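Under our numbering, the first residue of the sequence shown is numbered 2, with each subsequent residue one higher.
Ideal placement from N, C-alpha and C gives every residue a C-beta, glycine not left out.
Predicted model, so just to flag it, every value in this text is computed and none were measured.
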Amino acid sequence: MLIVNDTTRDLVAAVSNRLSALSFHMREYYWVDIKKINEIYRYKTEEYSTDAVNKFNIYPEQIPSWLVDWISEEGGYFIGNLQPAHMDFRFFTLGNLWAIVSSLGTTRQNEGILNLIDAKWDDIIGQMPLKICYPALEGEEWCIITGCDPKNT
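Here it is in structure tokens:
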């Protein structure tokens, strides 16, 4: 929390401007639900213009096979990462819960996250404490994604 006075007024204004841009970007590009998945399946690739629908050149083949069966009709979540031609579709529990707490998502998106956690309770929580990431990376996939050093394993 920052006290607004003459010396902090410009900083608070800059943070507010950045926050609204961040919120828009997250809500628009990082949100995934059934509707968004169906939209991605219909994306044209190799579109390069300001009015391109597929702004990050995402290929529909990148949607993992487990996702369509896993995501609930009423649920949705913020994906792990987005970069040109790649979306990380894993569900990161901590980030999605922080999105709710910080009002980063819309009311509908926040409800979607909670609905997904409720619908996929056994996958995300099960018989143990909350899983931070679903599905977990294992073996060679973990090595490639994390850039692990074999000396440290």
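Would you say residue i and residue j are within 8 Å of each other, going by their C-beta atoms?
i, j, result
"Gly79", "Trp32", "For the sequence presented, residue 79 should be read as Phe rather than Gly. Yes; because the gap between Cβ atoms is below 8 Å, this pair is in contact."
"Leu68", "Ile41", "no"
"Thr108", "Arg28", "no"
"Ser50", "Ala120", "no"
Output needed for residue i: all residues of its chain with C-beta closer than 7 Å, excluding positions within five of it in sequence on either side, in chain order.
i, result
"Asn82", "Asp89"
"Val5", "Val13"
For residue i, collect the residues of the same chain with a Cβ closer than 8 Å to its Cβ; drop the 5 residues on either side in sequence, then sort them by chain order.
i, result
"Thr94", "Ile118, Ile125, Leu131, Lys132, Ile133, Cys134, Tyr135"
"Ile114", "Gly76, Gly77, Tyr78, Phe79, Asn97, Leu98, Ala100, Ile101, Gly106"
What number of angstroms, rounded off, separates the C-alpha of residue i from the C-alpha of residue j?
i, j, result
"Asp123", "Glu112", "19 Å"
"Asp52", "Thr46", "13 Å"
"Ile86", "Glu48", "Sequence check: residue 86 is Ala here, not Ile. Whole-angstrom Cα-Cα distance: 11 Å."
"Tyr44", "Ile59", "8 Å"
"Gln84", "Ala22", "17 Å"
So, helix, strand or coil for residue i, using DSSP?
i, result
"Phe25", "helix"
"Arg91", "strand"
"Leu83", "strand"
If you count every other CB in all the chains shown that lies within 10 Å of the CB of residue i, and 16 or more means buried, which is it?
i, result
"Leu105", "buried"
"Ala137", "exposed"
"Gln63", "exposed"
With 8 Å set as the bound, which would you pick, yes or no: does the beta-carbon of residue i sit closer than that to a beta-carbon of chain D?
i, result
"Gly140", "The structure shown contains no chain D; it holds only a single protein chain."
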